[in-house]
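**Q**
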Amino acid sequence: MAPQKGVGIAMVIAFIQLAVLLPTSSSERTRIASVVLEGSKYIIKEGVQEGWIATGNFTDDMLTHGWSYLTIDTSDDYDDLVQAYAAGFLEGNLTASYIKMMWNNVMNDFCKTHSQKCEAINNFLTKNSLWTWNKIHSYKNNIYWHQVGLVLQQLVGMEAAYYGNRSLDQKPKVDIFGLLLLQIKEELDDISAILGFPTNWRHRPLGSGSCSALVKLLPDNTDLLVAHTTWSAYNEMLRVIKKYNLAYNQSPKSKDKIPGREIAFTSYPGVLHSVDDFYITSHGMVVMETTFGNYNQDLWKFSTPDSLLTWIRVLVANRIADSGYDWVEAFRQYNMGTYNNQWMVIDYSKFTPGKNTSDGLFTVVEQLPGYVEGRDFTAEMYLEKNSYWASYNLPYFTNIYTMSGVQSMYEQYGDFFSYQNCPRAKMFKRNQTDVVNVDSMLRLIRYNDYKNDPLSACNCTPPYSAENAISARSDLNPCNGSYYLKVLGHRCHGGIDAKITSSSMVTDLAFVAVSGPTSDQQVPFQWSKSDFEQTFPHEGMADLFAFEPVRVNWEK
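Encoded structure:
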């Protein structure tokens, strides 16, 4: 199945080791374009045009860095809804070829063999869409629902560009089996479970990890570092680093701009949110998560179409929140209970290097169907002699741990599901003291020494697994091995990146990023030498993932 039919901002990228600035605006790989109105038609014109609604810069360095880069700016000379549509329209145009590749890589086989299941998903999402649009129209002056409407309007604009429609429909709608599927690819298995169908579309075995993260306070509070590595199937390594500067008002009756007007994040073609997730907002907040899922089938009864998909709630919270507390309060509303994660919000406006930490600096929130729990963890993070917080696909809160069924998994399978004693918990605890700067933080978040580290051991043949690491490399596990959990075996799955920021970088929405599976202690991943080359589509990707880290700055 396939879908049918400001001044420009340039990126300046530098290798950490070489500190070489790469040319962008003059590069053949860079395209700058604007959206303007001609009558009722949205028109793409090259360069920065007078009277632009949205302007953007797309730089394709996929084969040289493992990333492409996209910036989108909108003008407050226009209504918010017009801005949102134009932002999506421009992105859909600038990245159309990569959107097609992304679809072919990860969505092309969806609903080809599950007609009954897909009909049920279509019905569920149609009901959800009707409920959501009704709320948007009924509460159009409400800050929350105004922002929900803008999120969907941006998606409508992206679809319009991708499908070739240049007009803004008076009654916009989202194609249920169009680009919406790229937005909810992390939620589709949960929606299948809600509807009583097997959750095996993405072939994720029991206990499959999805990300590692670390928040580290350096000695004497000299800096606060944040790191995240996304765990995913390797056919998803078509990456885009994005920055949106959206000049939205908080509501139609307000002239105040949203706190999260500018947001930088790692993402994918055709996707309006991070998915990883890793965001830096102009209010100075870093938002990230790791996924723990839901093993308790009884909880799905709390998930109904009369609620909001998680990706929308996250974007709204990022845009309207100006504190960790506000983020949690926005996020907890209209919880569908899909894509159940541990979210971390680091508010750098509460941090001054060399000074005592302040309440509200670090907030954690976890979600299940029908239940959300969160609180300020600043004191516990630092005052209990930890100086760090690690996240590794297991819930912290006792209620969440029990209700989600993870407790039952622990009783059945042992320490792999233990919050205190799983391999990554012990690795983070042991190795976090080695972190003294960005370079050492990068080494830790990319760490995988599975053949030599006793914490990578398992009751398996061979007696270790490359899954048991901060950044997994399950492709390195032998296909003829014997593993008591399938998740520990041979898979086209692992850590596919790393992102790090600090108190000095976050003010500029800057961060260090590296694309691809870790190769610090292991051989780089190469499609042509992999037994997954014929079974996992990977259009648009490099063959060899041996990229150096880059520092992402945004030059105005």
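Numbered per mature numbering (1 follows the signal peptide of the UniProt record, and there is no 0), the sequence shown spans residues -27 to -1, 1 to 529.
The beta-carbon is built from N, C-alpha and C at its ideal position, and this holds for glycine as well.
From which residue to which residue does the beta strand (DSSP E) around residue 45 run?
**A** By 1-based counting over the sequence shown, the position of residue 45 is 72. For residue 45, the enclosing beta strand (DSSP E) covers residues 40 to 47.
**Q** So, is residue 385 buried or exposed, given that buried needs 16 or more other C-beta atoms within 10 angstroms?
**A** Locating residue 385 in the sequence shown gives position 412, where the first residue counts as 1. In summary, residue 385 is exposed, with fewer than 16 beta-carbon neighbours lying within 10 Å of its beta-carbon over all protein chains present.
**Q** Residue 11 bridges to which residues according to DSSP?
**A** Position 38 of the sequence shown holds residue 11. Beta-bridge analysis with DSSP links residue 11 to 14.
**Q** If you count every other CB in all the chains shown that lies within 10 Å of the CB of residue 137, and 16 or more means buried, which is it?
**A** Translated into positions along the sequence shown, residue 137 becomes position 164. With fewer than 16 other CB atoms across the displayed protein chains lying within 10 angstroms of its CB, residue 137 is exposed.
**Q** Give every residue of the same chain whose Cβ lies closer than 6 Å to the Cβ of residue 22, excluding the five residues on either side of it in the sequence, and list them in chain order.
**A** The residue you call residue 22 lines up with position 49 of the sequence shown. Around residue 22: 7 and 9.
**Q** Anyone know if the C-beta pair for residue 218 and residue 474 falls short of 9 Å?
**A** Taking the sequence shown and counting its residues from 1, the one referred to as residue 218 is at position 245. Taking the sequence shown and counting its residues from 1, the one referred to as residue 474 is at position 501. Not closer than 9 Å, so no.
**Q** For residue 404 and residue 39, I'd like the C-alpha separation in whole angstroms.
**A** Counting from 1 along the sequence shown, the entry for residue 404 is found at position 431. Counting from 1 along the sequence shown, the entry for residue 39 is found at position 66. Going by the C-alpha atoms only, they are around 28 Å apart.
**Q** Just to confirm the assignment, what range does the beta strand (DSSP E) spanning residue 236 have?
**A** Taking the first residue of the sequence shown as 1, we reach residue 236 at position 263. 235 to 240 is the extent of the beta strand (DSSP E) around residue 236.
**Q** DSSP state of residue 215, grouped into three classes?
**A** Position 242 of the sequence shown holds residue 215. Residue state, collapsed to three classes: strand.
**Q** Exposed or buried, what is residue 192 when buried is set at 16 or more other beta-carbons lying within 10 Å of its beta-carbon?
**A** On the sequence shown, position 219 is the one that residue 192 refers to. Result: exposed.
**Q** Starting from residue 412, trace the alpha helix (DSSP H) in both directions and tell me its first and last residue.
**A** Counting from one through the sequence shown, the residue named residue 412 turns up at place 439. From DSSP, the alpha helix (DSSP H) with residue 412 extends over 411 to 418.
**Q** Quickly, what does DSSP pair residue 319 with across the bridge? List them, please.
**A** As a working mapping, residue 319 is identified with position 346 in the sequence shown. Answer is 259 and 335.
**Q** To which residues of the same chain is residue 157 closer than 7 Å at the C-beta, ignoring the five residues directly before and after it?
**A** Within the sequence shown, numbered from 1, the residue matching residue 157 stands at position 184. The residues 282 and 284, in chain order, have a CB closer than 7 Å to that of residue 157 in the same chain once the five nearest residues on each side in sequence are set aside.
**Q** Curious, which full-length beta strand (DSSP E) runs of at least 3 residues does the region 123 to 205 contain?
**A** 185 to 190 and 197 to 202
**Q** What is the C-beta distance between residue 62 and residue 15, in whole angstroms, given that I count them as a contact (C-beta under 8 Å)?
**A** Indexing the sequence shown from 1 puts residue 62 at position 89. Indexing the sequence shown from 1 puts residue 15 at position 42. Going by Cβ atoms, the distance from residue 62 to residue 15 rounds to 5 Å, so yes, they are a contact pair.
**Q** Quick check: what's the CA-CA separation for residue 362 versus residue 189?
**A** Translated into positions along the sequence shown, residue 362 becomes position 389. Translated into positions along the sequence shown, residue 189 becomes position 216. So the two alpha carbons sit approximately 7 Å from each other.
**Q** Give a yes or no on whether the C-beta atoms belonging to residue 422 and residue 429 are separated by under 9 Å.
**A** Taking the sequence shown and counting its residues from 1, one reaches residue 422 at position 449. Taking the sequence shown and counting its residues from 1, one reaches residue 429 at position 456. Contact: yes.
**Q** Between residue 23 and chain B, is there a C-beta pair that is closer than 9 Å?
**A** Given the protein chain composition of this structure (a single chain), no chain B is represented.
**Q** Please identify the residue among 169, 185, 300 and 150 whose C-alpha is closest to the C-alpha of residue 288.
**A** In the sequence shown, the residue the question calls residue 288 occupies position 315. Among 169, 185, 300 and 150, the Cα nearest to that of residue 288 is on 300.
**Q** Are there 16 or more other CB atoms within 10 angstroms of the CB of residue 450, so buried, or fewer, so exposed?
**A** Mapped onto the sequence shown, residue 450 falls at position 477. Looking at its Cβ environment, which holds 16 or more other Cβ atoms inside 10 Å, residue 450 is buried.
**Q** Threshold first: 4 residues or longer. Then list the alpha helix (DSSP H) segments lying entirely within the region 403 to 471, N to C.
**A** 411 to 418
**Q** Would DSSP call residue 476 helix, strand or coil?
**A** Stepping through the sequence shown from its first residue, residue 476 is reached at position 503. Assigned with DSSP and collapsed to three states, residue 476 falls in helix.
**Q** Would you kindly work out how many angstroms separate the C-alpha atoms of residue 359 and residue 350, rounded to a whole number?
**A** For the purposes of this step, residue 359 is taken as the residue at position 386 of the sequence shown. For the purposes of this step, residue 350 is taken as the residue at position 377 of the sequence shown. Cα to Cα, the separation comes out at about 12 Å.
**Q** Can you tell me whether residue 528 is helix, strand or coil according to DSSP?
**A** In the sequence shown, residue 528 corresponds to position 555, counting from 1. Strand.
**Q** In terms of residues, what are the limits of the beta strand (DSSP E) holding residue 346?
**A** What you label residue 346 is simply residue 373 of the sequence shown in a count that begins at 1. Residue 346 -> beta strand (DSSP E) spans 344 to 349.
**Q** Is it true that the region 444 to 464 meets the region 215 to 233, where meeting means three or more beta-carbon pairs spaced less than 8 Å apart?
**A** Touching, no, given that fewer than three Cβ pairs across the two stretches are closer than 8 Å.
**Q** Output the distance between the C-alpha atoms of residue 90 and residue 165, rounded to the nearest integer angstrom.
**A** One-based indexing of the sequence shown puts residue 90 at position 117. One-based indexing of the sequence shown puts residue 165 at position 192. So the alpha carbons of these two residues sit roughly 7 Å apart.
**Q** Do the CB positions of residue 534 and residue 211 come within less than 9 Å of each other?
**A** No information on residue 534 is available, as it lies outside the stretch -27 to 529 that the chain covers here.
**Q** DSSP beta-bridge partners for residue 230?
**A** Here residue 230 is taken as the residue at index 257 of the sequence shown, counted from 1. According to DSSP, which records beta bridges pairwise, residue 230 is partnered with 222.
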